[in-house]
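Colleague: Sending over a structure as structure tokens; questions will come in a sec.
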Amino acid sequence: AQRVTQPEKLLSVFKGAPVELKCNYSYSGSPELFWYVQYSRQRLQLLLRHISRESIKGFTADLNKGETSFHLKKPFAQEEDSAMYYCALTGGYQKVTFGTGTKLQVIP
Amino acid sequence: DVKVTQSSRYLVKRTGEKVFLECVQDMDHENMFWYRQDPGLGLRLIYFSYDVKMKEKGDIPEGYSVSREKKERFSLILESASTNQTSMYLCASSFSLAGLTYEQYFGPGTRLTVT
């Protein structure tokens, strides 16, 4: 069985502070991991995927297979980063599992 | 731009009614998905399909069925709607290439209320 855990329902940080949204997974094979974001009144959209190893809107995420984690980080939070963030895993046969999401609130 | 459209943004149905939610994508994606999104529970996969006429159960298929007769269209059916199926329903599509899965593109969602 595959599982994704996002331990924080809500994360509040001040503007300019570093952000780390946690994601841990459980999967016996080689997972494909993604971060999705949902801004207020917008549809869910991809933020980044681990295989691309790129930085999007200042966010990065590194896959740590030893710790089975894929935490999302940004050095300096901006107000426009306030949104709902979901970690997702694609396992065998294209099955996708999402975490329960973390609401990021950036305080001005 | 990939477009995933859903037939309704808001829907109100009565308990026991049969409900059809339709999803259409225009980018020739092989994979299509239906989720429900509930506060505190995130997105939960109901069914998915990786080819025409193929379907796989997700994590919460009970009370739902699906149909995929054409590549671009994936329908979710609630055979007999119940109040605990009141939720936001999201459709998504994606493609796979050389064993890699690419990102999902989501529709705007259908907020279903069952009274």
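Chains R and P, in that order, give the protein sequences. According to the numbering used here, the first sequence is numbered sequentially starting from 1. According to the numbering used here, the second sequence is numbered sequentially starting from 109. For every residue, glycine included, the Cβ atom is placed at its ideal position computed from N, Cα and C. Quantities reported herein were computed from a predicted structural model and do not represent experimental measurements.
1) Starting from the beta carbon of glutamine 105 of chain R, find every residue of chain P whose beta carbon is closer than 8 Å, and list them in chain order.
2) Which complete beta strand (DSSP E) runs does the segment 171-214 of chain P hold, if anything under 3 residues is left out?
3) Determine the DSSP secondary structure at glutamine 6 of chain R, reduced to helix, strand or coil.
4) Mapping DSSP to helix, strand and coil, what is tyrosine 93 of chain R?
5) Interface residues of chain R around serine 204 of chain P at Cβ under 7 Å?
6) Could you check whether the Cβ of leucine 119 of chain P sits closer than 8 Å to any Cβ belonging to chain R?
7) Using the C-alpha atoms, what's the distance from serine 202 of chain P back to leucine 208 of chain P?
8) Who are the Cβ neighbours of methionine 84 of chain R in its own chain at under 6 Å, not counting the five residues just before and after it?
9) By how many angstroms is the C-alpha of leucine 153 of chain P removed from the C-alpha of valine 19 of chain R?
10) Taking C-beta pairs closer than 9 Å, name the residues in chain R that glycine 124 of chain P reaches, listed in chain order.
11) Take the Cβ of leucine 220 of chain P as the centre, count every other Cβ of all protein chains shown within 10 Å, and call the residue buried at 16 or more, exposed below.
12) Interface residues of chain P around lysine 9 of chain R at Cβ under 9 Å?
13) If I measure Cβ to Cβ from glutamine 106 of chain R and keep anything under 7 Å in the same chain, skipping five residues before and after, which residues do I get?
14) Can you tell me the Cβ-Cβ gap for tyrosine 197 of chain P and threonine 218 of chain P, rounded? I've got them flagged as a contact below 8 Å.
15) Under a CB-based cut-off of 8 Å, is glycine 29 of chain R close to chain P?
16) Run down chain P in chain order and give the residues with a C-beta less than 7 Å from the C-beta of tyrosine 86 of chain R.
17) Quickly, what does DSSP pair glutamate 20 of chain R with across the bridge? List them, please.
18) To the nearest angstrom, report how far apart phenylalanine 70 of chain R and asparagine 24 of chain R are at their CA atoms.
Modeller: In terms of the structure at hand:
1) Against the first sequence, residue 105 of chain R aligns to sequence position 105. Ordered by position in chain P, no residue passes the 8 Å Cβ test against glutamine 105 of chain R, which lies about 15 Å from the chain.
2) 172-178, 181-186 and 195-202
3) Translated into positions along the first sequence, residue 6 of chain R becomes position 6. Here glutamine 6 of chain R sits in coil by DSSP.
4) Here residue 93 of chain R corresponds to residue number 93 of the first sequence, with the count starting at 1. If DSSP states are grouped into helix, strand and coil, tyrosine 93 of chain R belongs with the helices.
5) In the second sequence, counting from the first residue as 1, residue 204 of chain P sits at position 96. Going along chain R in sequence order, the residues near serine 204 of chain P (Cβ under 7 Å) are Gln94.
6) Here the question's residue 119 of chain P lines up with position 11 in the second sequence. By this cut-off, leucine 119 of chain P is not an interface position.
7) As a position in the second sequence, residue 208 of chain P is number 100, starting the count at 1. As a position in the second sequence, residue 202 of chain P is number 94, starting the count at 1. Approximately 11 Å, taken between the alpha carbons.
8) The sequence position of residue 84 of chain R within the first sequence is 84, counting from 1. Around methionine 84 of chain R: Gln38, Gly101 and Lys103.
9) To locate residue 19 of chain R, count along the first sequence from 1; it is residue 19. To locate residue 153 of chain P, count along the second sequence from 1; it is residue 45. Whole-angstrom Cα-Cα distance: 28 Å.
10) What you label residue 124 of chain P is simply residue 16 of the second sequence in a count that begins at 1. Going along chain R, no residue has its Cβ under 9 Å from glycine 124 of chain P, so there is no contact; the nearest lies around 30 Å.
11) Within the second sequence, numbered from 1, the residue matching residue 220 of chain P stands at position 112. It is buried - the Cβ of leucine 220 of chain P has at least 16 other Cβ atoms within 10 Å.
12) Position 9 of the first sequence, counting from 1, holds the residue named residue 9 of chain R. Simply Gly148.
13) Walking along the first sequence from the start, residue 106 of chain R turns up at place 106. A quick correction: the sequence has valine, not glutamine, at residue 106 of chain R. If we look at valine 106 of chain R and ignore the five residues flanking it on each side, its Cβ neighbours are Val13, Lys15, Ala77, Gln78, Glu79, Asp81 and Ser82.
14) The sequence position of residue 197 of chain P within the second sequence is 89, counting from 1. The sequence position of residue 218 of chain P within the second sequence is 110, counting from 1. With 8 Å as the limit, tyrosine 197 of chain P and threonine 218 of chain P qualify as a contact, their Cβ atoms being about 5 Å apart.
15) Locating residue 29 of chain R in the first sequence gives position 29, counting from the first residue. Not an interface residue.
16) Here residue 86 of chain R refers to the residue found at position 86 of the first sequence. Correct list: Gly150 and Leu151.
17) Along the first sequence, read from residue 1 onward, the residue named residue 20 of chain R stands at position 20. R/Lys73.
18) Numbered from its first residue, the first sequence carries residue 70 of chain R at position 70. Numbered from its first residue, the first sequence carries residue 24 of chain R at position 24. Cα-Cα distance, rounded: 6 Å.
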